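Engineer:
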Amino acid sequence: MTLAEALDVRTTGPVDGSVVVLVHGFGCGQSMWRQVAPVLGATHRVISFDLPGSGGADDASYDPTRHARLEGYRDDVLALLDELDLSDVTLVGHSVAAMIGVLASIEAPQTVARLVLVAPSARYVDDGDYVGGFAAADIDELVELMQRNHLGWQEPLAELVSGDGGPAAREELYESFCRTRPEVAAQFADVTFRGDNRADLPRVTVPTLVLQSAHDLVAPLTAGRFVHEQIPDSRFAVIDTAGHCPHLTAPGETSAAILDFLGRVPTAA
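With my numbering, letter number 192 in the sequence shown gets 194, and the count goes up by one each step, no holes.
#1: Does the Cβ-Cβ distance between residue 223 and residue 263 come in under 8 Å?
#2: Could you check whether the stretch 121–134 touches the stretch 91–109, counting it as contact only if at least three pairs of C-beta atoms, one from each stretch, sit closer than 8 Å?
#3: Once the 5 residues before and after residue 110 are set aside, which same chain residues still bring their CB inside 7 Å of it?
#4: Quick check: the stretch 155–171 against the stretch 239–258, are at least 3 beta-carbon pairs closer than 8 Å?
#5: Residue 17: buried (16+ other C-beta within 10 angstroms of its C-beta) or exposed?
#6: Start and end of the beta strand (DSSP E) containing residue 206?
#7: Could you tell me which residues DSSP pairs with residue 129 in its beta bridges?
#8: Just to check my reading of the structure: residue 119 and residue 103 have Cβ atoms closer than 8 Å, yes? What is that Cβ distance to the nearest angstrom?
#9: Please classify residue 238: does DSSP put it in a helix, a strand, or coil?
#10: Is it right to say residue 34 is buried, meaning 16 or more other beta carbons lie within 10 angstroms of its own, or is it exposed?
#11: Give the DSSP-derived three-state secondary structure of residue 123 in the structure shown.
#12: Measuring only the C-alpha atoms, how far is residue 11 from residue 115?
#13: If you compare alpha carbons, which of 58, 230, 72 and 19 is closest to residue 207?
#14: Let's see if you can read the secondary structure: which residues bound the beta strand (DSSP E) around residue 47?
#15: If we require 4 or more residues per run, which alpha helix (DSSP H) segments fall completely within the stretch 13–91?
#16: Hey, out of 225, 259, 150 and 68, whose CA is closest to residue 203's CA?
#17: Quick check on DSSP: helix, strand or coil for residue 118?
#18: Quick one: what's residue 279 bridged to in DSSP?
#19: What is the residue span of the alpha helix (DSSP H) that residue 260 lies within?
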């Protein structure tokens with residue numbers, strides 16, 4: 003089985019179009035991009051897939067040792083792009099996948115040549131003057147709940163992630179969380195919410211758009227602005243929507259912001 007088969011790669015848009023790679027966040031799958039992918043696919047070649055342990059990815063693609071760090075996911079993304087013989091791509095990463103994209107661009111800037119970071123956070127836990135949005139005790143409580151009770155965390159987390167984004171987003175997130183294998187969810191949550199990628203941000207050298215929801219309880223505006231301020235020459239845009247998933251709650255505005263960015267940055271000839 004190829005890696006593309008294992009990660010259930012889907013492609014849309016013109017074969018000769020510049021490539022946009024969509025990477026989903028924690029507890030989700032590539033279906034979360036379904037309202038954005040066709041819009042981008044009108045002018046770009048759009049690649050989406052499921053991260054190991056998520057969505058329709060083959061169970062064997064997940065390795066508890068390799069995926070105990072975000073670098074394991076980074077390596078998967080770069081290996082997939084290499085297998086597909088892709089370079090000079092724009093990686094659109096949501097939530098924790100934004101940091102996966104950051105790591106991938108640092109490792110291989112000619113491959114991941116542009117970044118769109120949707121609702122990013124380099125650290126979810128408050129630290130001195132840094133406001134990530136959560137106290138360490140809150141994250142400890144969430145991860146411990148997931149580790150001891152694989153049926154009790156999905157509803158409160160779906161409420162938190164959807165925020166005031168509406169019942170449809172909340173229900174979709176709840177169902178997606180419920181489909182995630184318990185052992186994968188617990189470990190990925192630990193990697194996601196206890197991670198700290200602040201020191202990586204100044205190392206990004208590729209054109210970057212930070213795309214933030216105006217009312218996000220998971221990655222507040224302070225977290226998005228920090229990412230923007232730490233990545234040299236990055237752009238910052240705010241979508242007037244609620245919740246942590248603007249590609250679900252405001253897909254038209256999210257697509258427009260991505261296309262505007264793509265129209266302003268060069269691609270390889």
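From the three backbone atoms N, C-alpha and C, an ideal C-beta is built for every residue, glycine too. Here the structure is a predicted model, which means the values were calculated and not measured.
Structural biologist: Straight from the coordinates:
#1: no
#2: yes
#3: 80
#4: yes
#5: exposed
#6: Counting along the chain, residue 206 falls outside any beta strand (DSSP E), and DSSP gives it neither H nor E.
#7: 132
#8: 7 Å
#9: strand
#10: buried
#11: coil
#12: 20 Å
#13: 230
#14: 47–50
#15: 39–43 and 72–85
#16: 225
#17: strand
#18: Because the chain in this structure spans residues 3 to 271, residue 279 falls outside the shown range and cannot be described.
#19: 253–266
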